[in-house]
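> A single structure is presented below for examination.
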Amino acid sequence: MTHAMAARRTPIQGEAAVTDLHARLDAVVPELIAQHHVPGVAVGVTLDGRTLTTGYGVTNVAHPIAVDPHTLFQVGSISKTLLGAVIGRLLEQGALDLDSPVAPLFDAGSGIDERITLRHTITHTSGIDAQNMIADAPRILADHCDDSIQASLRHFIHQPLMFEPGTDFTYSGPGIMLAAAAVERATGRPYADLLRELVIGPAGMEITGTSADEAIFHRVAAPHGRAADGSAELLIDRGWQRHWQLPGWDVPGGGVISNVADLLRYAAWSLSDAAPRRLFEPLAGQGIQGHDIGLAWHLDELGGHRVVSHSGLTIGYASRMVLMPSVGLSYAVLTNSLHGGGIVSEVEKTILDAAGVSRATPSAAPIPADLASALRGTYDCGFYGTISIVPGSRHGEMAIVANGATIREGGYVIELEGADRVALAGPDCLITLSDDGTPGPLVGFVQKADGIVSAVRYHSRLNRRIA
């Protein structure tokens, strides 16, 4: 169910195209910053071989300094793609095998399921859920604890799998931790050292790092959330990290610190012959038709063009990085707000429009009555709390209600946003709609042979029905 929308190229190309894009961003981003209460935004774009890097807003509402192209942000889960590149290089060197079980790399009695392979861990198909790594992180990260990648395993590896490895998909930070732990075991070297040697250095990323000790010498965007009145507020000692730096076990999944200039260098390297060959090879599905995953990169299509992408969300930051090789387009958008997703989406629309890429989106169709009945219920979203799918206010639509989560003592949750309008987008997915009908994120669902919907895929995670 997709609109037949042919991709078009803007008549403005080369240097003129970049100049045009810069003018568009200058016109819209300051308004978006005010509208979304996001302190700062950095944008980097490579189009037709020309590069634009720019910044808007401030690094810190308490001590405002202008954001520029070299300002460092936590990039969140974009970090996972750098782990994918490390694995890709080690596969070529023969140090790793994608389809061999990882358990033999560890000590006997480790508790690692012997069916789990490296492919499963890097493609989120291992069945490892373990959302307690975020929900309980403030307790786990008591002062003086061991926050290494290897130490992380004991906090989740003995928990039951959500499904048999390789049979389904659920976005899994702990699965990524296991992948990085396997890399360390196979090479006998710390992951951060391998990252610098195999990716950061070769890609020419000048000030990218993984620690506060490295970031302190540069301009850094501080993390923000929203105060009760909706304004931006600093987030200090919030979330699943101690102070500002993410724990060592989360470096592979979300702890890289970078800027848009370096991310464009990383994009160019990833698309070159110097990069590992298998970066963008489809290795597994994401549980929604037409959506695959490679070495951590998400693989989709837009306007008839292949899209290689990854988004990031961590405490106080939201980000996105996209490569579209056939269009000659790569871009990165970084914000210093937990609620920066909305502005990232709007900036992305501006970039794609300037590049002449049609945003072919799934069409929204009415949800049949029998499917609507099967969808209705409450689903467990782990550290996000629960959601309920209920009848919507318009014919043929449902709504997603975010019920919030109970914070356990010493725990942490992220508040979900619901959706007032949800329609059918395909045989295995729904689509959220804004009030004016603009398509939003897809929501997959798992329907059994007897018609029962046993789970939904919200924010790429498999969320089981509980009522």
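Numbering (full-length UniProt numbering), first residue to last: 1 to 467.
Ideal placement from N, C-alpha and C gives every residue a C-beta, glycine not left out.
Which whole-angstrom value is the C-beta distance of Thr-62 and Leu-234, which I expect to be below 8 Å?
Looking at the sequence shown, residue 62 is not Thr but Ala. So it is a contact: roughly 6 Å between Cβ atoms.
> Nearest CA to the CA of Arg-50: which residue from Leu-329, Pro-190, Ala-318, Gly-382?
For the residues Leu-329, Pro-190, Ala-318, Gly-382, the minimum Cα distance to Arg-50 belongs to Leu-329.
> Rounded to whole angstroms, what's the CA-CA distance from Ser-388 to Ala-449? Just pull it up for me.
Near 22 Å, if we compare the C-alpha coordinates of Ala-449 and Ser-388.
> Please report the residue range of the beta strand (DSSP E) in which Glu-233 lies.
Start and end: 232 to 234.
> Any idea what DSSP makes of Ala-4, helix, strand or coil?
Because Ala-4 carries a pLDDT of 33, less than 50, the predicted location of this residue cannot be relied on, and the following value inherits that uncertainty. Three-state DSSP puts Ala-4 in coil, outside helix and strand.
> Starting from Gln-150 and walking both ways along the alpha helix (DSSP H), at which residues does that stretch end?
Per DSSP, Gln-150 belongs to the alpha helix (DSSP H) from 149 to 152.
> Let me make sure I understand the geometry here. Which of Leu-334, Met-205, Leu-264, Ser-373 has the alpha-carbon closest to that of Met-324?
Nearest C-alpha to Met-324: Leu-264.
> Let me make sure I understand the geometry here. Which of Leu-198, Thr-208, Asp-420 has the alpha-carbon closest to that of His-399?
Here residue 399 is Ala; the residue named in the question, His, does not match the sequence. Minimum Cα distance to Ala-399 is reached at Asp-420.
> Please classify Lys-80 as buried or exposed, where buried requires at least 16 neighbouring CB atoms within 10 angstroms.
Classification for Lys-80: buried.
> By how many angstroms is the C-alpha of Val-413 removed from the C-alpha of Glu-346?
When rounded, the distance between both Cα atoms is 26 Å.
> I'd like to know whether the C-beta atoms of Leu-118 and Leu-96 end up nearer to each other than 8 Å.
Yes, the Cβ-Cβ distance between Leu-118 and Leu-96 is below 8 Å.
> Whole beta strand (DSSP E) runs in the segment 26 to 112 with 3 or more residues, listed along the chain?
40 to 47, 50 to 57, all fully within the segment 26 to 112.
> Rounded to whole angstroms, what is the Cα-Cα separation between Ala-4 and Arg-219?
Residue confidence for Ala-4 is low, a pLDDT of 33 falling below 50, so the modelled location carries little weight and cannot support an answer.
> For Leu-371, write down the residues that DSSP places opposite it in a beta bridge.
Note: Leu-371 sits in no beta bridge, so no partner.
> Would Ile-343 and Pro-223 be called neighbours here (beta carbons separated by less than 8 Å)?
Not in contact: Ile-343 and Pro-223 (Cβ atoms no closer than 8 Å).
> For Ala-275, count neighbouring C-beta atoms within 10 Å of its own C-beta (all shown protein chains included) and say buried if the count is 16 or more, exposed if not.
Buried is the call here.
> Report the option in Ile-128, Tyr-171, Cys-429 whose CA atom is closest to the CA atom of Ser-460.
Cα-wise, what sits closest to Ser-460 is Tyr-171.
> Can you tell which of Arg-277, Gly-57, Tyr-317 has its C-alpha closest to the C-alpha of Trp-244?
The candidate whose alpha carbon is nearest that of Trp-244 is Tyr-317.
> Could you check whether the segment 157 to 176 touches the segment 125 to 132, counting it as contact only if at least three pairs of C-beta atoms, one from each stretch, sit closer than 8 Å?
Yes: at least three Cβ pairs fall under 8 Å.
> For Ala-419, which beta-bridge partners are listed by DSSP?
Its beta-bridge partners are Ile-400.
> Look at Leu-295 and Ala-103 and say whether their C-beta atoms are less than 8 Å apart.
Contact: no.
> Determine whether the beta carbon atoms of Leu-21 and Ala-261 lie at a separation below 8 Å.
No, the Cβ-Cβ distance between Leu-21 and Ala-261 is not below 8 Å.
> Name the one or two DSSP bridge partners that Thr-378 has.
DSSP lists Ser-388 as partners of Thr-378.
> Only counting runs of 3 or more residues, tell me where the beta strand (DSSP E) segments fall wholly within the segment 418 to 456, in order along the chain.
The qualifying runs are 419 to 426, 429 to 433, 439 to 447.
> Got a sec? Which residues, its chain only, sit under 8 Å from Pro-427 by beta carbon, not counting five neighbours each side?
Answer for Pro-427: Gln-289, listed in chain order.
> Just the Cα atoms here: how many angstroms apart are Arg-242 and Asp-250?
Each residue's alpha carbon lies about 12 Å from the other.
> So, under 8 Å CB-CB, Ile-157 and Ile-112 are touching, yes? Tell me the CB distance rounded to an integer number of Å.
Ile-157 to Ile-112, Cβ: 6 Å. Contact.
> Count the other CB atoms within 10 Å of the CB of Ala-369; is the residue buried (16 or more) or exposed (fewer)?
With fewer than 16 other Cβ atoms within 10 Å, it is exposed.
> To the nearest whole angstrom, what separates the beta carbons of Gly-377 and Ala-467, a pair I think is in contact under 8 Å?
Between Ala-467 and Gly-377 the Cβ distance is about 6 Å, and since that is below 8 Å, they are a contact.
> DSSP beta-bridge partners for Asp-300?
BP columns for Asp-300 point to Val-307.
> In this structure, how does DSSP classify residue 491 when only helix, strand and coil are distinguished?
Examination of residue 491 is not possible in this model, given that the chain is present from 1 through 467 alone.
> Between the alpha carbons of Val-43 and Ala-374, how many angstroms are there, rounded?
Rounded to whole angstroms, Val-43 to Ala-374 spans 42 Å at the Cα level.
> At what residue ranges does the segment 128 to 197 contain a whole run of the beta strand (DSSP E), taking only runs of 3 or more?
Entirely contained in the segment 128 to 197, not one beta strand (DSSP E) run reaches 3 residues.
> Do Gly-76 and Asn-336 come within 8 Å of each other at the CB atom, strictly closer than that value?
It is not a contact, given that the beta carbons lie outside the stated cut-off.
> Which term fits Asp-136, buried or exposed, when burial requires 16 or more other beta carbons within 10 angstroms of its beta carbon?
Buried.
> Using DSSP bridges, identify the partner residues of Val-413.
Bridge partners of Val-413: none, in fact.
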